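Q: First residue of the sequence shown? That's 20 in this note's numbering, and the numbers climb one at a time after it.
The beta carbon of each residue, even a glycine, is placed where N, CA and C say it ideally should be.
Predicted, not measured: the structure shown is a model, and the values here were computed from it.
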Amino acid sequence: MTTIDYAVEAGRARTLRQRVNLDQLDYRRELARLASLGCTQRQLSKVLGISQPSLSTALKTAQKVPAARAGFSGADPYEVCQRYSVGELTREQLIDELTRWEYATPATRERGYFDDLRFATPGSFDDVGQAFDDGLIDAEAYDTVLAAVAVEPR
Numbered sequence: 020m021t022t023i024d025y026a027v028e029a030g031r032a033r034t035l036r037q038r039v040n041l042d043q044l045d046y047r048r049e050l051a052r053l054a055s056l057g058c059t060q061r062q063l064s065k066v067l068g069i070s071q072p073s074l075s076t077a078l079k080t081a082q083k084v085p086a087a088r089a090g091f092s093g094a095d096p097y098e099v100c101q102r103y104s105v106g107e108l109t110r111e112q113l114i115d116e117l118t119r120w121e122y123a124t125p126a127t128r129e130r131g132y133f134d135d136l137r138f139a140t141p142g143s144f145d146d147v148g149q150a151f152d153d154g155l156i157d158a159e160a161y162d163t164v165l166a167a168v169a170v171e172p173r
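Put into structure tokens, the structure is as follows:
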């Protein structure tokens, strides 16, 4: 009987799932950009081949999507790691962007001693840790970024 390592077999599906997430972000950002140029919903819905009510809903969602940070490939470190995992960035670009990122500092939580263990701070180094946990980056990339960020005073 042959044993299949589904973690290995599911690698392509995992990559495609990240690709879908990124395509959705890019689509929403592009909708917001087109709307900011003055394109009417009627014009845009016709060009995209969707109903105007569907477009209206999509535009409301698009307004909530943060833009990619200037000089970076994403709005947060996790998105940068996603883009690397699907092949949009080289390893050098990944390391460069993650070491230049100005990470948010975790807010002080005063409700309970263990609160810091339960919540991640968006835009903080927690995003890089989550990307590692999700298999978007390897241990070597994580360690390289951690070493560079730990040395720099922030």
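#1: Would you grab the beta carbon distance between THR34 and VAL105 for me? Rounded to a whole angstrom, and I think it's under 8 Å.
#2: Give me the Cα-Cα distance between THR109 and TYR97, rounded to the nearest whole angstrom.
#3: Give me the Cα-Cα distance between ARG88 and TRP120, rounded to the nearest whole angstrom.
#4: Taking 7 Å as the line, does the beta carbon of LEU74 fall inside it for any heavy atom of the ligand HEM?
#5: Going by other Cβ atoms of all chains shown within 10 Å of its Cβ, with 16 needed for buried, is ASP152 buried or exposed?
#6: According to DSSP, is LEU155 helix, strand or coil?
#7: Going by the CB atoms, is the gap between ARG102 and GLY93 shorter than 8 Å?
#8: In angstroms, rounded to a whole number, what distance separates the CA positions of LEU78 and SER55?
#9: Going by beta-carbon coordinates alone, are THR140 and ALA167 separated by less than 8 Å?
#10: Any idea if SER73 is buried or exposed, counting beta-carbon neighbours within 10 angstroms, 16 or more meaning buried?
#11: Is ALA51 near ALA81, with beta carbons less than 8 Å apart?
#12: For GLU159, which option in ILE114, ALA26, ALA29 and ALA169 has the closest C-alpha, if you only look at C-alpha atoms?
#13: State the start and end residues of the unbroken alpha helix (DSSP H) segment that holds GLN101.
#14: Run through DSSP, which three-state label would GLU121 get?
#15: What residue does the alpha helix (DSSP H) around VAL79 start on, and which one ends it?
A: On the basis of the supplied data:
#1: With a Cβ gap of about 6 Å, THR34 and VAL105 count as contacting.
#2: About 15 Å.
#3: So the alpha carbons of these two residues sit roughly 10 Å apart.
#4: Of ligands this structure carries none, so the ligand HEM is not represented either.
#5: By the 10 Å Cβ count, ASP152 comes out exposed.
#6: Looking at LEU155 - three-state DSSP - the assignment turns out to be coil, as it is neither helix nor strand.
#7: Going by C-beta atoms, GLY93 is nearer than 8 Å to ARG102.
#8: So the two alpha carbons sit approximately 11 Å from each other.
#9: Cβ distance not < 8 Å, so THR140 and ALA167 don't count as in contact.
#10: Under this definition SER73 is an exposed residue.
#11: Taking 8 Å as the Cβ cut-off, ALA51 and ALA81 qualify as a contacting pair.
#12: Comparing Cα-Cα distances from GLU159 to each of ILE114, ALA26, ALA29 and ALA169, the minimum goes to ILE114.
#13: Unbroken alpha helix (DSSP H) run through GLN101: 96-104.
#14: If DSSP states are grouped into helix, strand and coil, GLU121 belongs with coil.
#15: The amino acid at residue 79 is misidentified as Val; the sequence shows Lys. Counting along the chain, the alpha helix (DSSP H) containing LYS79 begins and ends at 71-81.
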